[in-house]
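Heads up, the sequence shown stops at 517 in our numbering, and the numbers go up one at a time, no gaps. Some notes on the structure that comes next.
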Amino acid sequence: MIFSKIEFLFIFLPLFLIAHNFFPYRNCIYVLFSLFFYFVGEAWYAGIVVFSALMNYIFSLMIASSTKQFHRRLILSYSIFLNIAILFFFKYSKFIVNDVFEINGVEFLDHIYLPLGISFFTFHSISYLVDVYRGDAKADHSFVNILLYLLMFPQLIAGPILRFHTVSNQFKRRVVTARHLYFGLSLFCFGLGQKVLLADTLAEVVNPLFVRADALTSFEAWIATLSYTLQIYFDFSGYSNMAIGLGWITGFYFPKNFNFPYISKSITEFWRRWHMSLSRWFRDYLYIPLGGNRFGAFRTYLNLIVVFLLCGLWHGASWTFIAWGAYHGFFLVLERIGFARQLDKIPFFLQRCYALLVVAVGWVLFRSDNISQAGNLLHTMFFGWGDGQAEHIAQLITPEQALAFCLAVFFSSPFLIAILDRRLPLPIVGQWRKDATGLEYGLGGLMALIVFCAASAKIILGAYSPFIYFRF
């Protein structure tokens, strides 16, 4: 089940909100609905996530109760190993056997499917165990609370990645005011619009072009790349906004996950603005434990490369994702070496062009089926120019798709939204105006309702595209 389907919007969500707000044992109700949410999407693997939650619950209590540092470290190491082993088996075993060692004919691998959200689920589990070990979080003795932390359906499939101590108090007491409802519902509606009206419309341009990626003109290759650059942003940020909005209307406050990444002036800044909860996770649980920048320049560069290779691998079991991670790691190291100082000497506009170009080229690796396809597409983009490149633009993009592209460009910048937010208490920028009048709240709510109705109409008409990050 996903947020942009009729069954979720008009059956599951209303029933959940009624049960959650009008019946006791709200945490149990949340867990039951979350299990059903997962069961609908991955019936065979629902038991695995419950088993994993129980395993991590037991390990956290063992870490907390142990008085010897050696035993605590041993338990933590073993628990992390088991979590990674489960992730490795379901996500990477086929890649290792078929692609790395090029062994074919292993039949049981054909029956292994990727459980929904396993990468996010695993990162939540590891962060909880490490935080208990470090003393940043107390081991919770309620298994229901651990289930809720790991299975909470708004963020179960694609984040944001939560730290246990940021939500643990909300397991015990949650307050939802009228302002919280306004903020949460509005943010959910705008997130739905981002996904359905913008990302899904752009997918109608991207998917046919990538199917015939080896036969594109340079103009078509750039259209595919730029459209995907916008599609993945509005697909993922739309999901994040819906998840954050659902959190607000149920009393949970999730961290902001995107902060207009396409206005970045460097790749370093891009990773401070893109998928911020993932960046923080890799910083706190991998980069800093590896030594961060504390052991000299070479060690810092090596740590960055390792982190982004694993970041790419985390996104998917494919050489293209590994290449994408290495590509971003290379530019981060390049900027660390001194290129960032050179960037500071050129106008802001050119800095933003540099960062956007690097990111867009990286998305070609991310979207391509294999390295060969990515290489052909990049070659076409930069060396395939000729006559008649733009002759068939009307056949490539419909007026609706062109409008979605222009709106996506517009809304990927904070400037228009900042202007609107001065007039209306819109939640898109991540905050509300406390001095807003009732009329302004009404207009903001009306705008959110219009977006919701337009998105719902498109869904009813049969437009459907799964969230990109669901496969991670």
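Where a beta carbon is used, it is the ideal one built from N, C-alpha and C, also for glycine. Everything numeric in this text was worked out from a predicted model, so none of it was measured.
In angstroms with no decimal places, state the Cα-to-Cα distance between residue i and residue j.
{"i": "Thr295", "j": "Leu62", "result": "8 Å"}
{"i": "Pro160", "j": "Tyr90", "result": "6 Å"}
{"i": "Phe198", "j": "Gly429", "result": "46 Å"}
{"i": "Val474", "j": "Thr112", "result": "Only weak support exists for where Val474 lies, its pLDDT of 45 falling under 50; the coordinates are left without a value."}
{"i": "Val251", "j": "Gln114", "result": "53 Å"}
{"i": "Asp176", "j": "Ala182", "result": "5 Å"}
{"i": "Gly92", "j": "Leu201", "result": "15 Å"}
{"i": "Ile391", "j": "Tyr399", "result": "11 Å"}
{"i": "Gly374", "j": "Glu87", "result": "34 Å"}
{"i": "Thr482", "j": "Leu423", "result": "51 Å"}
{"i": "Phe48", "j": "Met287", "result": "8 Å"}
{"i": "Leu291", "j": "Cys356", "result": "27 Å"}
{"i": "Ile505", "j": "Ile51", "result": "7 Å"}
{"i": "Arg339", "j": "Val76", "result": "42 Å"}
{"i": "Thr167", "j": "Glu485", "result": "42 Å"}
{"i": "Asp259", "j": "Ile442", "result": "19 Å"}
{"i": "Asp329", "j": "Arg344", "result": "17 Å"}
{"i": "Ala266", "j": "Lys240", "result": "23 Å"}
{"i": "Arg317", "j": "Leu237", "result": "24 Å"}
{"i": "Tyr123", "j": "Leu491", "result": "52 Å"}
{"i": "Pro300", "j": "Ile289", "result": "8 Å"}
{"i": "Asn128", "j": "Ser97", "result": "8 Å"}
{"i": "Tyr227", "j": "His116", "result": "48 Å"}
{"i": "Phe456", "j": "Ala109", "result": "46 Å"}
{"i": "Arg381", "j": "Tyr346", "result": "8 Å"}
{"i": "Trp326", "j": "Arg71", "result": "29 Å"}
Considering just the uninterrupted stretch of the alpha helix (DSSP H) at residue i, what are its terminal residues?
{"i": "Tyr123", "result": "Gln114 to Lys139"}
{"i": "Val142", "result": "Element bounds for Val142: n/a, residue is neither H nor E."}
{"i": "Pro69", "result": "Here Pro69 belongs to no alpha helix (DSSP H), and DSSP marks it neither H nor E."}
{"i": "Ile448", "result": "Residue 448 is actually Leu in this sequence, not Ile. First-last of the alpha helix (DSSP H) with Leu448: Pro444 to Phe456."}
{"i": "Asn302", "result": "Here Asn302 belongs to no alpha helix (DSSP H), and DSSP marks it neither H nor E."}
{"i": "Met321", "result": "Met321 to Phe327"}
{"i": "His186", "result": "No alpha helix (DSSP H) contains His186, which DSSP labels as neither H nor E."}
{"i": "Tyr158", "result": "No alpha helix (DSSP H) contains Tyr158, which DSSP labels as neither H nor E."}
{"i": "Ala371", "result": "Trp364 to Leu379"}
{"i": "Asn348", "result": "Ala342 to His360"}
{"i": "Leu243", "result": "Here Leu243 belongs to no alpha helix (DSSP H), and DSSP marks it neither H nor E."}
{"i": "Leu212", "result": "Per the sequence shown, the amino acid found at residue 212 is Val instead of Leu. Its alpha helix (DSSP H) spans residues Phe209 to Lys217."}
{"i": "Arg318", "result": "Ile312 to Arg318"}
{"i": "Ile163", "result": "Ile163 to Arg179"}
I need the DSSP call for residue i, collapsed to helix, strand or coil.
{"i": "Met46", "result": "coil"}
{"i": "Glu87", "result": "coil"}
{"i": "Lys503", "result": "helix"}
{"i": "Leu335", "result": "coil"}
{"i": "Met287", "result": "helix"}
{"i": "Ile513", "result": "helix"}
{"i": "Trp430", "result": "coil"}
{"i": "Phe101", "result": "The question names Phe, but residue 101 in the sequence shown is Asn. If DSSP states are grouped into helix, strand and coil, Asn101 belongs with the helices."}
{"i": "Ala203", "result": "coil"}
{"i": "Thr262", "result": "coil"}
{"i": "Thr274", "result": "helix"}
{"i": "Pro392", "result": "coil"}
{"i": "Thr425", "result": "helix"}
{"i": "Ile108", "result": "helix"}
{"i": "Arg257", "result": "coil"}
{"i": "Val474", "result": "With a pLDDT of only 45 at Val474, under 50, the local geometry of the prediction cannot be trusted, and the value read off the model is given with reservation. In the structure shown, Val474 sits in coil (DSSP, three-state: anything other than H, G, I, E or B)."}
{"i": "Ile148", "result": "coil"}
{"i": "Ala182", "result": "coil"}
{"i": "Val221", "result": "coil"}
{"i": "Ser417", "result": "helix"}
Closest to residue i by C-alpha separation, out of the options, would be which residue?
{"i": "Leu3", "options": "Ala342, Phe394, Ser272 and Ile206", "result": "Outside the shown range of the chain (46 to 517) lies residue 3, about which nothing can therefore be said."}
{"i": "Cys73", "options": "Pro59, Phe57 and Phe188", "result": "Phe188"}
{"i": "Ala203", "options": "Phe165, Ser213, Leu377 and Phe394", "result": "Phe165"}
{"i": "Val145", "options": "Ile367, Trp408, Leu422 and Tyr372", "result": "Ile367"}
{"i": "Leu54", "options": "Trp408, Asn128 and Phe82", "result": "Phe82"}
{"i": "Met321", "options": "Tyr194, Tyr278, Ala362 and Gly229", "result": "Tyr278"}
{"i": "Tyr273", "options": "Lys217, Phe450, Trp293 and Tyr284", "result": "Phe450"}
{"i": "Leu192", "options": "Ser79, Trp293, Ala223 and Gly238", "result": "Ser79"}
{"i": "Ala447", "options": "His210, Glu314 and Ala244", "result": "Ala244"}
{"i": "Val397", "options": "Leu335, Glu314, Gly357 and Asp414", "result": "In the sequence under discussion, the amino acid at residue 397 is Arg, which differs from the Val named in the question. Ranking the options by Cα distance to Arg397, first place goes to Glu314."}
{"i": "Ser170", "options": "Ile505, Asn286, Asn101 and Phe134", "result": "Asn101"}
{"i": "Pro306", "options": "Asp329, Ser282, Trp293 and Ile289", "result": "Ser282"}
{"i": "Phe393", "options": "Trp326, Thr425, Leu354 and Ser309", "result": "Ser309"}
{"i": "Arg412", "options": "Asp185, Met46, Leu379 and Leu254", "result": "Leu254"}
{"i": "Ala223", "options": "Phe376, Phe384, Trp293 and Ala184", "result": "Trp293"}
{"i": "Met426", "options": "Val409, Asn415, Leu335 and Gln440", "result": "Val409"}
{"i": "Trp364", "options": "Gly420, Pro334, Leu335 and Arg325", "result": "Gly420"}
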